[in-house]
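First comes the structure, then the notes that go with it.
Protein chains: 2
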Amino acid sequence: MKLSDGVEWAIHCAMLLGALPAGATLSGKALAEFHGVAESYLLKHLKALAAAGILDSVTGPQGGYRLARPAERISLLDIVLAVEGDRPAFRCTEIRRRGPCALEDAAYPRPCGINTAMLKAEAAYRDALAREDLKSLSAGFAGTADPRFLALAQAWLSGNTRIPKS
Amino acid sequence: MKLSDGVEWAIHCAMLLGALPAGATLSGKALAEFHGVAESYLLKHLKALAAAGILDSVTGPQGGYRLARPAERISLLDIVLAVEGDRPAFRCTEIRRRGPCALEDAAYPRPCGINTAMLKAEAAYRDALAREDLKSLSAGFAGTADPRFLALAQAWLSGNTRIPKS
DNA sequence: GCAGTATTACTCGGATAGTCACTGTCCGAGTCGCTCCGG
DNA sequence: CCGGAGCGACTCGGACAGTGACTATCCGAGTAATACTGC
Chain A
1 MKLSDGVEWA
11 IHCAMLLGAL
21 PAGATLSGKA
31 LAEFHGVAES
41 YLLKHLKALA
51 AAGILDSVTG
61 PQGGYRLARP
71 AERISLLDIV
81 LAVEGDRPAF
91 RCTEIRRRGP
101 CALEDAAYPR
111 PCGINTAMLK
121 AEAAYRDALA
131 REDLKSLSAG
141 FAGTADPRFL
151 ALAQAWLSGN
161 TRIPKS
Chain B
1001 MKLSDGVEWA
1011 IHCAMLLGAL
1021 PAGATLSGKA
1031 LAEFHGVAES
1041 YLLKHLKALA
1051 AAGILDSVTG
1061 PQGGYRLARP
1071 AERISLLDIV
1081 LAVEGDRPAF
1091 RCTEIRRRGP
1101 CALEDAAYPR
1111 PCGINTAMLK
1121 AEAAYRDALA
1131 REDLKSLSAG
1141 FAGTADPRFL
1151 ALAQAWLSGN
1161 TRIPKS
């Protein structure tokens, strides 16, 4: 039970994109450089975020990625599901229907109680993630981060942000 | 983010062991046969449960496994952690300290907010699992299962249960 | 017939290969900006 | 000097290898029941 490292990357990228002016974009190359990760692999996850409707992608020169909707409407759950997929972590293989005491399928009208319990716990997990939105995370981060970092990041962003003329 | 199939196997085995008289055991071979899974691989997980103190193992002929404590004191969380390990699913790699805006380690006195949020959600997941104990699951199962299955299982158990003389 | 002992068969435990998903990477399709040319 | 077409370079998108964790398996250590032998 290990989450993909891409989840962490995607959340950090989304938070950074949330700090940009409305409509501005950052290229995948810039996002990779800022976080010190491989560009080729990061693109894989950014693509997933775009496919899920969390990011908008702009092609061509001066293109890049931007949030598809306001940061307060993007939750951690949205990002986790986009990167990891929406299939539950626990997948019941119905072993109760196997072995010497197995009956025909019609004898199991109710779902497996173990599966129900595991999915209920996973629902609690998802609810907790759904309650965390990018806006709140960014606010908490800005309030506790080292001022020097904020200044450095602001300077770096000013040299890498693309603002379309339209 | 996929849980090991062994989790499902382990929970089913623990529930079956909980249905036995106090002190009685079932061999790994019997548990594997009842659930229709590979014995060799199931033993791997049973060993983990024994190492975690959830099961007691009895070696030698007429040996097997039994619950190490009453079913109402064994939660799904205990089993999941024993099989999957107690490391959190989300592991922060501190990418915030990388890239062109990185500072020295002393500049990050607080834990990463993203990590905090992810771990909080995972805590909710674990709390939900901790609330589900084997006794309640077994009761719910016995109340909804097909009567024919219960009879078959009882007959099968009577032929495979080992009760030590001591 | 009984006690003691060696045997034996059965059990769990740890170390060892195989397979799938995640990780990491590459090249191609598409698009915008820039340059050059003509008017 | 201005407009337009062509070119070029940069961007994202999808398809292709490499690695680690889970899956599956085997053989060895240990133990209790059993059969045998001697008394």
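Taken in order, these protein sequences are the chains called A and B. Just so you know, the first sequence maps onto residues 1 to 166 in my numbering. Just so you know, the second sequence maps onto residues 1001 to 1166 in my numbering. Think of the CB as a built atom: it goes at the ideal place given N, C-alpha and C, for glycine as much as any other residue.
Report back the beta-carbon spacing between A/Leu20 and A/Arg66 to the nearest angstrom; my notes put them in contact at under 8 angstroms. That pair is a contact at about 7 angstroms.
With respect to the alpha helix (DSSP H) encompassing B/Ser1075, which residues constitute its N-terminal and C-terminal limits? It is not in any alpha helix (DSSP H) - B/Ser1075 carries neither H nor E in the DSSP assignment.
Distance CB(B/Ala1010)-CB(B/His1035) smaller than 7 angstroms: Not a contact, by the Cβ cut-off of 7 angstroms.
Would the stretch 1090-1099 of chain B count as touching the stretch 22-36 of chain A if we require 3 or more Cβ pairs under 8 angstroms? yes
Can you find a C-beta in chain A that's less than 7 angstroms from the C-beta of B/Ala1117? yes
Taking B/Val1083 as the reference, give the member of B/Pro1061, B/Tyr1041, B/Val1058 with the closest Cα. B/Tyr1041
Could you tell me whether the Cβ atoms of B/Leu1134 and B/Ile1054 are closer together than 7 angstroms? The Cβ atoms of B/Leu1134 and B/Ile1054 do not sit closer than 7 angstroms to each other.
Please determine, among B/Gly1060, B/Glu1072, B/Lys1047, the residue with the shortest C-alpha to C-alpha distance to B/Gly1006. B/Lys1047
Could you tell me whether the stretch 141-158 of chain A touches the stretch 84-91 of chain A, using the rule of 3 or more Cβ pairs below 8 angstroms? In the pairwise beta carbon analysis, the stretch 141-158 of chain A is classified as not touching the stretch 84-91 of chain A: fewer than three pairs are separated by under 8 angstroms.
Determine, using beta carbons only, whether B/Tyr1125 comes closer than 7 angstroms to chain A. Yes, contact with chain A.
Measuring straight from C-alpha to C-alpha, what distance separates B/Leu1026 and B/Ala1106? 55 angstroms
Proximal chain A residues relative to B/Leu1169, where beta-carbon distance stays under 9 angstroms: Residue 1169 of chain B cannot be examined here, being either before or after the span of chain B that is shown, 1001 to 1166.
Which runs of the beta strand (DSSP E) spanning at least 3 residues fall entirely within the stretch 59-118 of chain A, listed in chain order? 64-67
For the 8 angstroms Cβ check, are there 3 or more pairs between the stretch 142-162 of chain A and the stretch 1145-1157 of chain B? no
Do we get a CB-CB distance below 7 angstroms when we pair A/Arg162 with the residues of chain B? no
Where B/Thr1025 falls: helix, strand or coil (DSSP): strand
Opposing strand residues paired with B/Arg1162 [DSSP bridges]: B/Arg1162 is bridged to B/Thr1025.
Distance between beta carbons of A/Met1 and B/Leu1157, contact taken as under 8 angstroms: With a Cβ gap of about 31 angstroms, B/Leu1157 and A/Met1 do not count as contacting.
How about B/Leu1129 and A/Ala121: are their beta carbons less than 7 angstroms apart? yes
Have a look at A/Ala22 and B/Ala1052 and give me their C-alpha separation to the nearest angstrom. 52 angstroms
Expressed to the nearest angstrom, what Euclidean distance is found between the alpha-carbon atoms of A/Pro164 and A/Val80? 29 angstroms
Quick check on the burial criterion: 16 or more other C-beta atoms within 10 angstroms. Buried or exposed for A/Arg126? Looking at its Cβ environment, which holds 16 or more other Cβ atoms inside 10 Å, A/Arg126 is buried.
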